[in-house]
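To start, the structure under review is shown below, and the notes come after it.
Protein chains in written order, with our numbering: chain A, 55 to 429; chain B, 120 to 512.
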């Protein structure tokens, strides 16, 4: 397939892999975090780690939208969905995320009207088709999905769709990265920066990482060669003693981002003073709510919410996994109590979650696999 | 059931039917017959004649009466199903079909179909229901012979759609050389079902001495798929119109018994396992083989046959074609020494032109399906937890 196959070429990968190995200083270990769950998925789906030398380790960051939703917010959403006149709409990824009282799938089986949509505009369409019902969109995601939620609110306002509202759980990537950088138990050599988020916010917001923390960051695309090349670029910077923001994904990400998208977010949404992240705790100014001007479309104001904080299950170590302190398989319940069928933690839910990706794609001994796949 | 011969199937309007009934009854009056007892007998004869006439469903939509087991049910069965599937065993309309089997061993299977939408590019629930059961029998190494068909209809379902489904079932049965010899119809209230569900069961004759089992794979065996993957699932996805994507993809629904017969004849004793790759796609079948045989299945991503349109749609939707359903493709595990011959034989058969070897069976690590990616890495191909696409068959 054009524009995809060329980014999956094994020959080019081998050339790049050899160069990556050459750039590694003997005896030195390198740990890079891919912030975005999309990268985690790519790394496992294409078996990218087979091209990396033992010295280079990738740890999986917090950039998986459903993985960072705290249980209390899921319970709030289920409370809204339980109102008899409500149609709750959600992306498919969200359906299996466990709250304190089960998941959307459980609520749906128990009679709640919860529908999967592919875009917030689909939710708005459902609202127009069901004027007698209140339709709520469960908005999740980073700056990548926030513009489409904001656009939908603008359209609902313009068209006067009064039975539509948004349960806003949009979060911001920069405070999350900062929380990770400030975490004392973490040693990273650099970041593979999120591609789609950066298409919206641009590269400039990452500059403090290089300037204040002395760590390089390379914004990367989502094909396997993109990720491999960004590792190559990070090693290049480290080898020359530089720490800068690089852009491997120039074909999609402009340095200044997407001004229009940022303006739409700015118009419809406001920064929350603080927001709880699953596993990471409360982070200041790390999430968005619906602005006062659009209060009529804010599910948090349309409905009375319990707003209870639900502690993560004791056994769950999603926080450590999200910060990259633990590899998925190092978690106490990984693969035994917590599996994709019965997830305890959110990292096991989405295909972008580090644990689910590792469990689904990478659950094997490299040694034995090398033996089995020898041609 | 009456012994009335098949009449050209044609919808008859009420008025026209009544006129004809009157005309025929008049024609049946013997000239000169006039005694009062004789007249009553004539009327009774006339009623009897009318009742013997070919049943006609006059309603445009299914009503609860069609499921009540009385006259309307009988009319529906005779006018729609018997009309489409006509054969002597079914025509007897006994409580069960009496079958004569020419061999001592038979395969027996059942499958229900709830696909949405009912009609899609390349097929409909009717041919899907026939081919699905025909293929399950074929995967046992059997020659499909007899099917039953059970229908659950929603009140209000258009009779025209039911006729269309019955017609495509009849065509699919004809193409597969099977007879539909038993059936059942139920009607549920509006809102309690989604239009039409079909269940087919089937009996197939085991004429060859074969032992096919997912547990039969051994190290060194070759894994073959009979054609491009994922076309049925992709066609259904697009037919639902949820995505606003258009692509020329049609369902691959087809009977597979011919391909299977050719393969079994060409490799006596060399075929270990056959499975059609329906729900869960090829990946799910490979996992069944790896688990049941306690072997590793190593698949080459480069060899996987997927049409460019299907790859494109799957990329857009973030779905892996390995998990997308086919309704006319199977996965064969064959003796590695005869793999080339197997592929060659399949390619020479109708419906087998796209057959290709996709992988190899190894001893270790047992129970895992491994994929060597085009990119040069390795990953597991696991079972999916939930179905990304419910109700594709």
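No residue lacks a Cβ here, since even glycine has one placed at the ideal position from N, Cα and C.
Q.
Taking CB distances under 7 Å as the criterion, tell me whether residue 102/A reaches chain B.
A. yes
Q: Taking 7 Å as the cut-off, decide whether the C-beta atoms of residue 380/A and residue 333/A are in contact.
A: no
**Q.** residue 273/B, DSSP secondary structure in three states
**A.** strand
Q: Go through the region 292-359 of chain B residue by residue and report every complete run of the beta strand (DSSP E) that reaches 3 residues or more, in order.
A: 298-307, 315-324 and 341-344
Q: Answer yes if the region 460-468 of chain B comes into contact with the region 349-360 of chain B, meaning at least three C-beta pairs across the two stretches below 8 Å, and no otherwise.
A: no
Q: Could you tell me which uninterrupted alpha helix (DSSP H) segments, each at least 4 residues in length, are contained entirely in the region 433-491 of chain B, listed from first to last along the chain?
A: 458-466
Q | chain A contact for residue 491/B (CB, 7 Å cutoff) | A | yes
Q. Starting from residue 231/B and walking both ways along the alpha helix (DSSP H), at which residues does that stretch end?
A. Per DSSP, residue 231/B belongs to no alpha helix (DSSP H); it is in the beta strand (DSSP E), 225-232.
Q | Stretch pair the region 266-278 of chain A + the region 297-310 of chain A: three plus CB contacts closer than 8 Å | A | yes
Q: Can you give me the start and stop residues for the beta strand (DSSP E) that residue 253/B sits inside?
A: Here residue 253/B belongs to no beta strand (DSSP E); instead the alpha helix (DSSP H) covers 244-258.
Q.
Quick check on residue 84/A: does DSSP put it in helix, strand or coil?
A. strand
**Q.** Beta-carbon neighbours of residue 172/A, restricted to chain B and to distances below 7 Å
**A.** 361 and 362
(Q) With distance defined between alpha-carbon atoms, name the residue in 400/B, 393/B, 392/B and 303/B nearest to residue 195/B. (A) 303/B
Q: Please classify residue 59/A: is it buried, with 16 or more other beta-carbons within 10 angstroms of its beta-carbon, or exposed?
A: exposed
Q. Where in the region 308-334 of chain A do unbroken runs of the beta strand (DSSP E), each at least 3 residues long, occur, reported from the N-terminal end onward?
A. 323-325 and 328-331
(Q) Three Cβ pairs or more, each shorter than 8 Å: is that satisfied between the region 219-228 of chain B and the region 280-298 of chain B? (A) no
Q.
So if I threshold CB-CB distances at 7 Å, which residues from the region 186-208 of chain A count as touching chain B?
A. none
Q) Within 10 angstroms of its Cβ, does residue 248/A collect 16 or more other Cβ (buried), or is it exposed? A) buried
**Q.** Spatial distance of residue 430/A from residue 273/B (CA atoms)
**A.** Since the displayed chain A opens at 55 and closes at 429, residue 430/A lies outside it and no answer follows.
Q. How would you label residue 435/B, buried or exposed, when you count the other beta carbons within 10 angstroms and need 16 or more for buried?
A. exposed
Q. In its own chain, which residues sit with a C-beta less than 6 Å from the C-beta of residue 258/A, not counting the 5 before and 5 after it?
A. none
Q) Is residue 111/A close to chain B, meaning its C-beta is less than 7 Å from at least one C-beta of that chain? A) no
**Q.** Reduced DSSP category for residue 386/B - H, G, I as helix; E, B as strand; rest coil
**A.** coil
(Q) Could you check whether the Cβ of residue 387/A sits closer than 7 Å to any Cβ belonging to chain B? (A) no
(Q) Here's the rule I'm using: 16 or more other beta-carbon atoms within 10 Å means buried, otherwise exposed. How should residue 331/A be labelled? (A) buried
Q: Below 8 Å CB to CB, which residues in the same chain sit around residue 332/B once its five sequence neighbours on both sides are set aside?
A: 391, 392 and 411
Q: Use the C-beta contact count for residue 163/B: other C-beta atoms within 10 angstroms, 16 or more gives buried, fewer gives exposed.
A: exposed
(Q) Between the alpha carbons of residue 370/A and residue 394/A, how many angstroms are there, rounded? (A) 14 Å
Q | Supposed close pair residue 197/A, residue 254/A - CB separation, criterion 8 Å | A | 4 Å
Q.
According to DSSP, is residue 172/B part of a helix, a strand, or is it coil?
A. coil
Q | CB-CB length for residue 399/A against residue 115/A, believed under 8 Å | A | Incorrect: roughly 15 Å between the Cβ atoms, too far for contact.
Q) Among residues of its own chain, excluding the 5 on either side of residue 268/B, which ones have a beta-carbon nearer than 6 Å to its beta-carbon? A) 299, 302 and 319
Q. Cβ atoms of residue 432/B and residue 358/B: under 7 Å apart, would you say?
A. no
Q.
On the DSSP letters alone, give me the boundaries of the beta strand (DSSP E) that residue 132/A sits inside.
A. Careful: residue 132/A lies outside any beta strand (DSSP E), inside the alpha helix (DSSP H) at 125-135.
**Q.** residue 350/A and residue 190/A closer than 7 Å at C-beta
**A.** no
Q: Name, going along the chain, the residues of the region 412-425 of chain B whose beta-carbon falls closer than 7 Å to a beta-carbon of chain A.
A: 415 and 417
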